[in-house]
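Colleague: Take any residue in the sequence shown, count from 1 to its spot, add 16: that is its number in the working numbering.
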Amino acid sequence: MTQFADTSPFLRACRGLTTDYTPIWLMRQAGRYMLEYRAIRARHSMLEVIGTPELAAEVTLQPIDAFGMDAAIIFSDILPPLIGMGFHLEFAKGEGPIIHNPILSPADVDALRTPPPEENMGATLDAIRLVVAELTPRGIPLIGFAGAPFTLASYAVEGGGSKTYSKTKALMYTAPQAWDQFMRKLVTVQAEYLRQQVAAGAAALQLFDSWAGLALSGADYVRYVQPYNTMLFAELASTGVPVINFSTGTAVYLPEVAACGGDIIGIDWRLPLDVAWQMVGIDKPAQGNLDPVALLTDWPELKTRVDDVLARAAKVRAAGGAPHIFNLGHGIFPNTPVDNVRRLVEYVHEATSVRP
17 MTQFADTSPF LRACRGLTTD YTPIWLMRQA GRYMLEYRAI RARHSMLEVI
67 GTPELAAEVT LQPIDAFGMD AAIIFSDILP PLIGMGFHLE FAKGEGPIIH
117 NPILSPADVD ALRTPPPEEN MGATLDAIRL VVAELTPRGI PLIGFAGAPF
167 TLASYAVEGG GSKTYSKTKA LMYTAPQAWD QFMRKLVTVQ AEYLRQQVAA
217 GAAALQLFDS WAGLALSGAD YVRYVQPYNT MLFAELASTG VPVINFSTGT
267 AVYLPEVAAC GGDIIGIDWR LPLDVAWQMV GIDKPAQGNL DPVALLTDWP
317 ELKTRVDDVL ARAAKVRAAG GAPHIFNLGH GIFPNTPVDN VRRLVEYVHE
367 ATSVRP
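#1: Who pairs with aspartate 225 in a beta bridge, going by DSSP?
#2: Please classify valine 65 as buried or exposed, where buried requires at least 16 neighbouring CB atoms within 10 angstroms.
#3: I'd like the list of long-range same chain contacts for valine 75, defined as Cβ closer than 7 angstroms, with 5 residues on each side in sequence excluded.
#4: Would you give the residue range spanned by the alpha helix (DSSP H) that phenylalanine 166 belongs to?
#5: For alanine 162, which of Ile114, Phe198 and Gln212 has the nearest alpha-carbon?
#6: When you compare each of Ile89, Arg154, Leu326 and Gly345 to glutamate 366 by their alpha carbons, which one comes out closest?
#7: Closest to alanine 292 by C-alpha separation, out of Pro316, Thr266, Pro133 and Tyr37, would be which residue?
#8: Can you tell me whether DSSP reads phenylalanine 342 as helix, strand or coil?
#9: With distances taken between CB atoms, is the gap from phenylalanine 166 to valine 241 smaller than 7 angstroms?
#10: Within the continuous alpha helix (DSSP H) that includes proline 316, where are the two ends?
#11: Can the beta-carbon of proline 131 be found closer than 7 angstroms to that of glycine 100?
#12: On a Cα-Cα basis, can you pick out the residue from Leu33, Ala73 and Pro79 that is closest to valine 361?
#13: Can you pull the DSSP bridge partners for glutamate 106?
#14: Which residue from Gly67, Leu202 and Trp227 puts its Cα closest to that of alanine 139?
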């Protein structure tokens, strides 16, 4: 546990404790919408930044210095752990991530390794240590993260992003033993990676299951995803840090998502905050709910949408519910105006501040 666990608004909210204001951080808060980040990426590839602890630390700190978020999240990506397992990953300009040797058969699953995180993700662990050394005197916690098994598996089978997830689902349906083996290997890799992030100084963790809700029915989620997410959250319980269970597109089976575990439930923008929160239990802290597109609008429209989220959170709180952590329902878009981010952070702090 960090030395400022009792004073950090973010960590207090994660643990269901009262805060002087609603804490806020934003997914992809370090990234392409910031000029400082684009200046670094003009000289270095994505994997170079991730693989260079000093650069990853610098990028992680950029939004904290610029906007005063209540938590930092280490700059990395969910996909690099796949490299250590034997995948050839490239971030192609204009195309996004590409896996050049995707899973084509059960034999490919057999060949996958489960190396210790120090072997492939040591640079990220070193970056965490650098950031924590910088942020601890300022009382700001760092979030570590990883991708959930299904989301990683979908990239590894499809060879990149997908609109249909047809190859992934075909593997699930036609080779259930290979699917089980693959998911268990991913649980092994991700659990140890996340534990080592905590050992390096991360004060909280977030598991990103970005694509399960866009690909799967509720029945398929329960059969092919829920057992492995449950395993992973159980593995993380011993870390002693709060863990955020984040997913998107899962509104129709949100209770099944929450049942996997996690101390805080991430809620995207597809349901009103209070409605979604009631589905998972208001005794558990919730995070998120603002549509990232709202940050592309003018301030009056953005403020209206922020006020709606805050009002629904206040309604839940008044009914005896747990705290809310303000965030987006998914990551910031690259064309987001910086001034909107700054104004959002300031406004959430001001509008929710408890005054004597």
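Beta carbons: idealized from backbone N, C-alpha and C, even for Gly.
Modeller: Looking at the atomic coordinates:
#1: Ser263
#2: buried
#3: Ala46, Tyr53, Ile56, Val65 and Phe91
#4: 165–174
#5: Gln212
#6: Leu326
#7: Thr266
#8: strand
#9: yes
#10: 315–334
#11: yes
#12: Pro79
#13: Ile114
#14: Gly67
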